[in-house]
């Protein structure tokens, strides 16, 4: 979950690779997975689809116990809002969801009005920012 990912755990990220256009996604789910390499597209073993992943720099050290690297993976499930706009997450988002526009290497990202499926805040309205609801 995004709130459980510490800044230290993502401090070796150098890039986030997106497999889809994130401008069309209100949110993505993020997790910290144990992977065998620092770089490259990881294998994906969940329902749904992987939409992005982080690459690590050469200073990232593998786990002594497993030899794996902790890397962020971004994904969506078949019942998420992009596939079922009127479904379970029409006006909310799962706990591990974040707005992909708030993500950068070494930045955890956060939920926004858009990712939560709600109306824009007063501040957004004053700035003229509208949501594609």
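In the working numbering, the protein residues as written are 1140 to 1272.
Glycine included, each C-beta is placed from N, C-alpha and C at the ideal position.
Sort the options by Cα distance to residue i and report the nearest one.
i, options, result
"residue 1239", "1146, 1153, 1161, 1156", "1161"
"residue 1193", "1179, 1234, 1231", "1179"
"residue 1189", "1176, 1159, 1201, 1197", "1159"
"residue 1197", "1177, 1182, 1191", "1177"
"residue 1203", "1175, 1224, 1229, 1234", "1175"
"residue 1149", "1242, 1250, 1253", "1242"
How is residue i classed by DSSP in three states: helix, strand or coil?
i, result
"residue 1163", "helix"
"residue 1186", "coil"
"residue 1144", "coil"
Ignore the nearest five residues each way along the sequence and tell me which others in residue i's own chain have a CB closer than 6 Å to its CB.
i, result
"residue 1226", "1218"
Cutting at 7 Å between CB atoms, please list the residues of its own chain near residue i, excluding the five before and the five after it.
i, result
"residue 1244", "1152, 1153, 1154, 1155, 1193"
"residue 1186", "1216, 1217"
Find out if the Cβ-Cβ distance for the pair residue i, residue j is shorter than 8 Å.
i, j, result
"residue 1247", "residue 1144", "yes"
Ordered list of beta strand (DSSP E) runs contained in the region 1200-1256, each at least 3 residues: Secondary structure in the region 1200-1256: the beta strand (DSSP E) runs of 3 residues or longer, each lying completely within the stretch, are 1208-1215 in chain order.
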